[in-house]
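One structure below.
2 protein chains.
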Amino acid sequence: MSGEELLLRRCKFVLVGDGWVLRDVNVVVRDGVIASVGEEVDKSGLVLDCSDKVVIPGLVNSHTHAAMTLLRGYCDDAELFGWLKRIWRVEARLTPRIVYLASKLAIYEMLSSGTTAFVDMYFYPEETAKAAEELGIRAALGPPIIEGVGELEGSVARAKSFVKDFGRSRLIVPILNVHSIHACSRETLEAVAELSRELEVKVHIHVSETRREVFECKKKYGLFPVEYLDRLGVLSDRCILVHLGWVTSWEIELIREKGACVVHCPSSNTKLATAGFFPFKEMVRSGIAVGLGTDGPASNNTLDMIREMRMAVLLQRNNYWDVDVNAADAFRAATLNGGAILGVRVGSVEEGYLADLALLDAYSVRLQPLRADNLLSAIVYSASGADVVATVVDGRLVYDREDEEKIARWREEVRRIAEELNKFMASIAGQ
Amino acid sequence: MSGEELLLRRCKFVLVGDGWVLRDVNVVVRDGVIASVGEEVDKSGLVLDCSDKVVIPGLVNSHTHAAMTLLRGYCDDAELFGWLKRIWRVEARLTPRIVYLASKLAIYEMLSSGTTAFVDMYFYPEETAKAAEELGIRAALGPPIIEGVGELEGSVARAKSFVKDFGRSRLIVPILNVHSIHACSRETLEAVAELSRELEVKVHIHVSETRREVFECKKKYGLFPVEYLDRLGVLSDRCILVHLGWVTSWEIELIREKGACVVHCPSSNTKLATAGFFPFKEMVRSGIAVGLGTDGPASNNTLDMIREMRMAVLLQRNNYWDVDVNAADAFRAATLNGGAILGVRVGSVEEGYLADLALLDAYSVRLQPLRADNLLSAIVYSASGADVVATVVDGRLVYDREDEEKIARWREEVRRIAEELNKFMASIAGQ
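Residue numbers (this note's numbering), protein chains in the order written: chain R, 1 to 431; chain C, 1001 to 1431.
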């Protein structure tokens, strides 16, 4: 692992942003920030020969539940509400240690597939934060704010102390995590709105994921979910709204007006058969920042953002019956828009951006024949997370496939973690 | 590369078929055939330690145009008919050498992602056959049968000579390749039907891929595409019908009656926005053998059958709004049903089946925590083609990631091929 000075030398290709390709340039990183992209050479820190590599901005997974690696493949064949029932039964038994281990497993998978930041919602976020800081990935995290009047005060206090504890971390972005309008009362949502204003942190919430949620919200409150959130004062430019498979056109207008961000999770929505139709084009045309998320590995079942970009385009083309949504849209969603969602300057390989980068093997068979003109296509449609050979977060080389010793250590730890998680799952089954 | 005697020793898991898992068993291969799966040990040939591996049946890509690796990322944002126009312009310039090189590239990608057989439709199939035999993959191939009366005799003669030349090959299955009802005349289709009966070989054809095809067929002949094929005598148990996104319920009944096989290509259909809805459930319930295909790498843009299995389930769940289609359906489509389509006994890790196998890394981070009860899920939803560490076709170890010398040679050849294909593309652009 390097310090925060880094030279990526003679990069075969740099995919600066969607469709903007440079060849044979150097990327100089100082203090964790991209200092130049071009001819400058600065060998004061670590030097990586990139003549056989493609450099892209690190990918931002804008919605996940990382520690749900624990539940990967545990319940694949249920729709959302039945699925949640089974999942919540296991989650009631979670311990901080299990969340720590399962988060580490997730972070190994993310770093090794080019993801440099993730927005997470799960129990014991301090455990996930610990794992993120240890392994060097960026993460937006916060305690789940739970239902019930007596409990609410405790939740608010926990959220405040989390913001205090992690507010100055270089890697952790504190946020407020609220499950959904169907799992939280009106009072809780109002308290969250107030807290978000007070602490100036973002609110991360599942919205309009299923038809049933929309139906029940309309029946109970006479409002659609986004309207309801707006009425309670939750909707603002600090909001990260996830799913929106059943959103209406006038709710899109509300989202735009208030400046909220949204996240599309195509694999999870299809796998859980939530149906609906995330209106990607309408969102983008309204100027809303659309991010991409894998959702938790129990409903995906991977954390591979490259696969998610491909899935996003393919699903949109299936649903719209046209080819308007393309590789550039998906790439922007997974990079620059992810930066907007995090509120951090990442998502482009340009001077002044934080040095969150992924390096891919330019000679991977899957990507051939590779050229500047089909590079973006190769990354979005043809690449696999496994083509990533190195990952840089905040200027530090946190994953390097060529570092055999470290890879062997990771592999051994992955093996130990998997064993412990399997033991935990067996103990649950026995109860 | 080994001979055809092989011992896979102490396999951590064997996924025999959909959902049937064995642990800690040996797989003995003799003369290219699986001789036993269990406790037997036979060290007369090559011995592979599989204590950290998962053994699955090799995957069958039931529809592709392998040499279209040449056109990967060349035209990503067009619907089928516009796309074909651009593609056909390049294809008019194809040479046997380019097809040979592009086929090799495709086969490297297929073998390294666990695909052991493919059904191909492309120009200069003898070049693809040569590449397949050199690299040791199984392939169903045949000359494209082209339009026009004068030409038809030549096409029939070429098809006959291809069947004669390759009929006895262990790896090549000769077939008749007919593009579609919209690109072939009635006379051509009738000639193909006759030839298929005479030579006892399968007919491989794109059908009901777009709404426009169905509309024009109905207008011209008063029949839906499958009805039309039936009327011309093409529809039989030697038929491989590809796409069927716009098939009707009574055409499904016809397909079942005649015993034809079908192939679903979910990535290609979504990427080209052909819309429609491949009725997977209705097909399977009718007892029709449904296979899976990537289609060509210009409309996918990979040849990764693991990704295709995942895509199949996800797309079906999106379209049906329920979770009925599951991992087992996709796995069967990519293995046993692929065997039925090829007409070759592959697709299961059982005594008597041909030894076409893929070995995956049981400790890949993406698959953890792995257990017997989530193994099928891990393969279909979580794995990537890159988790394949070795591939066996016809009992021969044709890909082995641990064989560093051979991998370096492959890598060097991939690089050379990519360069030559890029030069060819540049020469086309200049004309």
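Cβ coordinates follow ideal geometry from the N, Cα and C atoms, glycine included. Model, not experiment: these values are computed from the prediction.
Item checked: Which of helix, strand or coil DSSP assigns to residue 301(R) -> DSSP places residue 301(R) in coil when its eight states are reduced to three.
Note to self: Which of the three DSSP states is assigned to residue 122(R) in this structure?
What the structure shows: Residue state, collapsed to three classes: coil.
Notebook entry, point to check: Roughly how many angstroms separate the alpha carbons of residue 1290(C) and residue 1228(C), rounded to a whole number?
Noted result: Cα to Cα, the separation comes out at about 21 Å.
Notebook entry, point to check: To the nearest whole angstrom, what separates the beta carbons of residue 75(R) and residue 83(R), a pair I think is in contact under 8 Å?
Noted result: Indeed, because the Cβ distance is near 6 Å, the residues count as touching under 8 Å.
Note to self: Less than 8 Å between CB atoms is the rule here; does residue 1001(C) satisfy it with respect to chain R?
What the structure shows: The predicted position of residue 1001(C) is uncertain, since its pLDDT is 37 and thus under 50; no value can be drawn from it.
Next item on the list: Could you check if residue 1151(C) is buried or exposed, using at least 16 other CB atoms within 10 Å of its CB as the buried criterion?
Entry: Exposed is the call here.
Notebook entry, point to check: Mind checking if residue 1022(C) is an interface residue toward chain R, Cβ cutoff 8 Å exclusive?
Noted result: No, no contact with chain R.
Check: Run through DSSP, which three-state label would residue 391(R) get?
Finding: Correct three-state label for residue 391(R): strand.
Check: If you count every other CB in all the chains shown that lies within 10 Å of the CB of residue 1321(C), and 16 or more means buried, which is it?
Finding: If you draw a 10 Å sphere on the C-beta of residue 1321(C), you find fewer than 16 other C-beta atoms in it, and that means exposed.
Check: How about residue 276(R) and residue 296(R): are their beta carbons less than 8 Å apart?
Finding: One thing to note: residue 276(R) has its Cβ no nearer than 8 Å to the Cβ of residue 296(R).
Notebook entry, point to check: Excluding five sequence neighbours on each side, which residues of the same chain lie with their C-beta closer than 6 Å to the C-beta of residue 1205(C)?
Noted result: Excluding five sequence positions before and after residue 1205(C), the CB atoms of its chain that fall closer than 6 Å to its own CB belong to 1178, given in chain order.
Notebook entry, point to check: How many Å lie between residue 127(R) and residue 136(R) at the Cα?
Noted result: Going by C-alpha positions, residue 127(R) is about 14 Å away from residue 136(R).
Check: If you run the structure through DSSP and keep just helix, strand and coil, what is residue 1008(C)?
Finding: In the structure shown, the three-state DSSP call for residue 1008(C) is strand.
Check: So with Cβ pairs under 8 Å, would you call residue 1122(C) a contact of chain R?
Finding: The Cβ of residue 1122(C) sits no closer than 8 Å to any Cβ of chain R.
Note to self: 8 Å is my cut-off, CB to CB: does residue 246(R) come that close to chain C?
What the structure shows: Answer no: the Cβ-Cβ gap between residue 246(R) and chain C never drops below 8 Å.
Next item on the list: Taking only beta carbons into account, state which residues of the stretch 1314–1329 of chain C come closer than 9 Å to chain R, listed in chain order.
Entry: Shown in chain order are the members of the stretch 1314–1329 of chain C whose Cβ falls below 9 Å from a Cβ of chain R: 1314, 1315, 1316, 1317, 1318, 1319, 1320, 1321, 1322, 1323, 1324, 1326, 1327.
Margin query: Strictly by DSSP, which residues pair up with residue 1137(C)?
Written below: Paired residues: none, contrary to the question.
Next item on the list: Select from 27(R), 62(R), 51(R) the residue whose C-alpha is nearest the C-alpha of residue 12(R).
Entry: Of 27(R), 62(R), 51(R), the residue nearest in Cα terms is 51(R).
Item checked: Same chain, Cβ closer than 8 Å to residue 382(R), neighbours up to 5 away in sequence not counted -> These residues qualify, in order along the chain: 366, 367.
Check: How about residue 1422(C): is its C-beta nearer than 8 Å to some C-beta of chain R?
Finding: Among the CB atoms of chain R, one or more fall inside 8 Å of the CB of residue 1422(C).
Note to self: Output needed for residue 1065(C): all residues of its chain with C-beta closer than 6 Å, excluding positions within five of it in sequence on either side, in chain order.
What the structure shows: Cβ neighbours of residue 1065(C) beyond the five flanking positions: 1121, 1122, 1296.
Notebook entry, point to check: Looking at the C-beta of residue 77(R), does it have a partner C-beta in chain C at a distance below 8 Å?
Noted result: For residue 77(R), the answer is yes, since a Cβ of chain C falls inside 8 Å of its Cβ.
Item checked: Residue closest to residue 1234(C), alpha-carbon to alpha-carbon, out of 1263(C), 1249(C), 1186(C) -> Here the closest residue by C-alpha is 1186(C).
Notebook entry, point to check: From this set, 191(R), 373(R), 359(R), 130(R), which residue's C-alpha is nearest residue 160(R)'s C-alpha?
Noted result: The option with the nearest alpha carbon to residue 160(R) is 191(R).
Notebook entry, point to check: Should residue 1347(C) go down as buried or exposed, given a rule of 16 or more other Cβ atoms within 10 Å for buried?
Noted result: By the Cβ-count criterion, residue 1347(C) is buried, with 16 or more other Cβ atoms from all chains shown falling within 10 Å of its own Cβ.
Notebook entry, point to check: In three-state terms, what does DSSP make of residue 1023(C)?
Noted result: In the structure shown, residue 1023(C) falls within a strand segment according to DSSP collapsed to helix, strand and coil.
Checklist line | Nearest candidate by alpha-carbon position, reference residue 1056(C), set 1280(C), 1097(C), 1311(C), 1025(C) | finding: Out of 1280(C), 1097(C), 1311(C), 1025(C), 1025(C) has the C-alpha closest to the C-alpha of residue 1056(C).
Check: Taking the alpha-carbon positions, what's the residue 1202(C) to residue 1124(C) distance?
Finding: So the alpha carbons of these two residues sit roughly 18 Å apart.
Note to self: What residue range does the alpha helix (DSSP H) around residue 252(R) cover?
What the structure shows: First-last of the alpha helix (DSSP H) with residue 252(R): 249–258.
Check: Nearest chain D C-beta to residue 73(R) closer than 8 Å, yes or no?
Finding: Given the protein chain composition of this structure (R and C), no chain D is represented.
Notebook entry, point to check: Whose C-alpha, out of 355(R), 315(R), 423(R), is nearest the C-alpha of residue 1300(C)?
Noted result: Among 355(R), 315(R), 423(R), the Cα nearest to that of residue 1300(C) is on 315(R).
Note to self: Tell me which residues of the stretch 357–385 of chain R have at least one Cβ-Cβ distance to chain C shorter than 7 Å, keeping chain order.
What the structure shows: The residues in question are 363, 365, 366, 368, 369, 370, 371, 374, 377, 378, 381, 382, 384, 385.
Note to self: Please list the terminal residues of the continuous alpha helix (DSSP H) segment that includes residue 61(R).
What the structure shows: Counting along the chain, no alpha helix (DSSP H) covers residue 61(R); the unbroken beta strand (DSSP E) around it starts and ends at 59–64.
Next item on the list: Starting from residue 1341(C), trace the alpha helix (DSSP H) both ways and give me its first and last residue.
Entry: Residues 1336–1342.
Checklist line | Local Cβ density within 10 Å of residue 1238(C), reported as buried at 16 or more and exposed below that | finding: Taking every protein chain shown into account, the CB of residue 1238(C) has 16 or more other CB atoms within 10 angstroms, so this residue is buried.
Next item on the list: Assign residue 1001(C) to one of two classes, buried (16 or more other C-beta atoms within 10 Å of its C-beta) or exposed (fewer than that).
Entry: Residue placement at residue 1001(C) cannot be trusted, given a pLDDT of 37 that sits under 50; the coordinates are not used to answer.
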